[in-house]
Each structure stands twice: as structure tokens, then as C-alpha cells.
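S.K.: Okay, here's the structure, questions in a sec.
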Amino acid sequence: MDVPRLQRQFIDFRASLFREGILDDQFIQLEKLSDDSNPGFVFEVISLFFDDSEMLLNNLAQALQQRPIVDFKKVANHAHQIKGSSASIGAQRVKNVCVAFRSYCNEENLDGCLRCLQQINHEYALVKNKLEMLLRLEQQILAAGGAIPPVD
Amino acid sequence: MTTKLVAHSALVVDDDVMARTIHKRLFEREGWLVKAVVNGHEAVELFRQGDRFDLVLMDKEMPVLDGVHATTELRAMGVQCHIVGVTSCTDSLEVESFIGAGLDAFYAKPLNPAKLGRIIQHFHDDDRRQ
Chain A
659 MDVPRLQRQF
669 IDFRASLFRE
679 GILDDQFIQL
689 EKLSDDSNPG
699 FVFEVISLFF
709 DDSEMLLNNL
719 AQALQQRPIV
729 DFKKVANHAH
739 QIKGSSASIG
749 AQRVKNVCVA
759 FRSYCNEENL
769 DGCLRCLQQI
779 NHEYALVKNK
789 LEMLLRLEQQ
799 ILAAGGAIPP
809 VD
Chain B
30 MTTKLVAHSA
40 LVVDDDVMAR
50 TIHKRLFERE
60 GWLVKAVVNG
70 HEAVELFRQG
80 DRFDLVLMDK
90 EMPVLDGVHA
100 TTELRAMGVQ
110 CHIVGVTSCT
120 DSLEVESFIG
130 AGLDAFYAKP
140 LNPAKLGRII
150 QHFHDDDRRQ
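Protein chains in written order, with this note's numbering: chain A, 659 to 810; chain B, 30 to 159.
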């Protein structure tokens, strides 16, 4: 395995995540918290984000399916939790959809909320896919005997 | 004569597992001893049982007992340690009521090393004044 090629791929791919607005500066702040005393910190946080988000998205979908009346306060609360979780890891696009979600909840606009849910699911699937790819590239570099390129 | 360095202690109060993990890591990197609980009720109970911390990092929105009520209770109990509120809530009236409950400082989530640096600096400045 060509380590320099893998490292370049990692650098380019990582840069694209910020360029496309999928991740923001908060992710860089988390990367800085990984060091020799806790090298797996980012992996730990990413894993928590996946588990947490899947549970929260499920809760959100269930809350919107309640009949005859949707409890919009409950829906807003779930959206707020997803906003917090995504902001913690720097998942910018997921966070931004959650901000829009709150407005629809305040208006008790079910159609708007359902559209937002679709958007959140799309953005979450995208960031999950990208983060998994980033972790795979890291693992490939390490398996090939290389080091993860330092981040700015 | 030797001077024993004593690590400061922080209590992280947050129902969000990611926030607890990140905030705990931020403090531990600065050499602080950290305990984390999941809501305001657990925080109040720790103080009732006699636990003491130099700083409490209190989230606002939590089930069972939220940050506003937990802060109010702690101050009513005579707890004087530094309490720093954190939230991603942007409603200014809600933030004001959180600060009014007895916070020493308030920061918007998410926290990062720069914000934690300011929190710790503020804590030390207050400590020196007392």
C-alpha cells in the first residue's frame, strides 16, 4: 500500500468535508483533544454521535407519527437534542436543519416538520457516510505502517 | 518545605452523553479531576451527600431537574463554588433566567479548548479575588 498516496487521499478528503460545509470548526477542536494520552478520542466521539443520532432520529420520527395530535413541544425537544449532538461534533448541515425545524415546531406546521425530518435524515446519512470513510482512510494508513497526517 | 499541587475538581452536569464526554475530556486535559452526572437532581444529591467541587459545569435543559432549578437549589443550599452555565438555547429571556438563578458565567455550546481556557481563567481570577 502506497502510504504517501493514502495520506494525500486522507488530507484531500478531509479538506472536502469542510469545503462542502459537512463539518465545521468544532470537528477540528475535537481532533485537537486526541493526543498520546487518548489517541482514540475522536473515534470515541464519532461512535457516540452515531449511536446518539440514531436513537434521537428514531424518537423524532415516532413523535411526528403520533395521532390524533402531534406533541410539537416533544418534537421540538427531540430536534433540540439532535441540534446539540450535531453541534458537539461539528456536523454543520445537520445542525442547520435542526434550527429550521424549531421554527416549524413553533408554528405547529406538520408538513414543514416532516420535510425537515426528511432533510435531517438525508444530512445525517451523508455525514455518517463521510465520517466512516474518514475513519477507514485512517485505518488504511495505520495498517500500511504510516502515520495520520497532522491537522492544522 | 514542599508544596503539594492540588488538582482542581469539576462536576459536569449534562444529559447529553456527547457533551459529557467532550467536556470531561476538556477539563481532564487541563489536569482537573472530573465527575459527570446526567441531570440537575444528581448534581444536587452529590452536594447534599457532602461532595464538593471547585467548579460545576451546568447544562440548562435536562430532564428530572433542569439547570435553572438545580442552580437555584445549590445556591439556596449555600453552595458557593463557581457554577458555569452552558446551553445551545438562543432565547435571550431563557438565558437571562438561567444566569439569574446564580451562575458565575455562561457560555454557548459547544465548548472548545478556547472557551474552556476562558472558563478556567475566570475561575482563577475569582479564586484570587476571594
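Every residue gets a Cβ at the ideal spot worked out from N, C-alpha and C, and that includes glycine. None of the values given here were measured: they were computed from a predicted structure.
Sorry if obvious, but does the Cβ on B:T101 come closer than 7 Å to a heavy atom of the ligand ADP?
M.R.: For the ligand ADP, the structure offers nothing, since it holds no ligand at all.
S.K.: Might you give, ordered along the chain, the residues of its own chain that have their beta carbon closer than 6 Å to the beta carbon of A:V661, omitting 5 neighbours on each side?
M.R.: Counting from 1 along the first sequence, the entry for residue 661 of chain A is found at position 3. The residues are A802 and G804.
S.K.: Using the three-state DSSP reduction, which class does B:H52 fall into: helix, strand or coil?
M.R.: Within the second sequence, numbered from 1, the residue matching residue 52 of chain B stands at position 23. DSSP places B:H52 in helix when its eight states are reduced to three.
S.K.: Does the separation of the CB atoms of B:L94 and B:V113 fall below 8 Å?
M.R.: Locating residue 94 of chain B in the second sequence gives position 65, counting from the first residue. Locating residue 113 of chain B in the second sequence gives position 84, counting from the first residue. Their beta carbons are not under 8 Å apart, which means B:L94 does not touch B:V113 by this criterion.
S.K.: For B:D45 and chain A, any beta-carbon pair shorter than 8 Å?
M.R.: For the purposes of this step, residue 45 of chain B is identified with residue 16 of the second sequence, where counting begins at 1. Judged by the 8 Å Cβ criterion, B:D45 is in contact with chain A.
S.K.: For the pair the region 685-701 of chain A and the region 735-743 of chain A, tell me if three or more CB-CB distances fall below 8 Å.
M.R.: No: fewer than three Cβ pairs fall under 8 Å.
S.K.: If contact means a Cβ-Cβ distance below 7 Å, which residues of the region 789-803 of chain A contact chain B?
M.R.: Cβ contacts with chain B come from no residue of the region 789-803 of chain A.
S.K.: Jot down the residue ranges of each uninterrupted beta strand (DSSP E) in the region 45-115 of chain B, minimum 3 residues, whole runs only, in chain order.
M.R.: Those beta strand (DSSP E) runs which fall completely within the region 45-115 of chain B and span 3+ residues are 62-66 and 84-88.
S.K.: Which whole-angstrom value is the C-beta distance of A:S744 and A:V757, which I expect to be below 8 Å?
M.R.: For the purposes of this step, residue 744 of chain A is identified with residue 86 of the first sequence, where counting begins at 1. For the purposes of this step, residue 757 of chain A is identified with residue 99 of the first sequence, where counting begins at 1. Incorrect: roughly 10 Å between the Cβ atoms, too far for contact.
S.K.: When you compare only the Cα positions, how much space is there between B:H111 and A:L768?
M.R.: Taking the first residue of the second sequence as 1, we reach residue 111 of chain B at position 82. Taking the first residue of the first sequence as 1, we reach residue 768 of chain A at position 110. Roughly 43 Å separates the two Cα atoms.
S.K.: Over what stretch of residues does the alpha helix (DSSP H) that includes A:A801 continue unbroken?
M.R.: Within the first sequence, the letter at position 143 stands for residue 801 of chain A. It spans L768 to A801 - the alpha helix (DSSP H) in which A:A801 sits, taken as one unbroken run.
S.K.: For A:L675 versus A:I799, is the C-beta distance shorter than 8 Å?
M.R.: Position 17 of the first sequence, counted from the start, is the residue given in the question as residue 675 of chain A. Position 141 of the first sequence, counted from the start, is the residue given in the question as residue 799 of chain A. Result no, Cβ atoms of A:L675 and A:I799 do not sit closer than 8 Å.
S.K.: Please report the distance separating the alpha-carbon of A:F707 from that of B:T50.
M.R.: Start at 1 with the first residue of the first sequence, and residue 707 of chain A comes out as number 49. Start at 1 with the first residue of the second sequence, and residue 50 of chain B comes out as number 21. If I take the Cα positions, the gap works out to 11 Å.
S.K.: If A:D729 sits next to A:A721, beta carbons under 8 Å apart, how far is it from one beta carbon to the other, in whole angstroms?
M.R.: Here residue 729 of chain A refers to the residue found at position 71 of the first sequence. Here residue 721 of chain A refers to the residue found at position 63 of the first sequence. Rounded, the Cβ-Cβ distance is 7 Å, consistent with contact.
S.K.: Any beta carbon of chain A sitting closer than 8 Å to that of B:S121?
M.R.: For the purposes of this step, residue 121 of chain B is identified with residue 92 of the second sequence, where counting begins at 1. Closer than 8 Å: no.
S.K.: A:E765 to A:H780, Cα distance in whole Å?
M.R.: Locating residue 765 of chain A in the first sequence gives position 107, counting from the first residue. Locating residue 780 of chain A in the first sequence gives position 122, counting from the first residue. Each residue's alpha carbon lies about 23 Å from the other.
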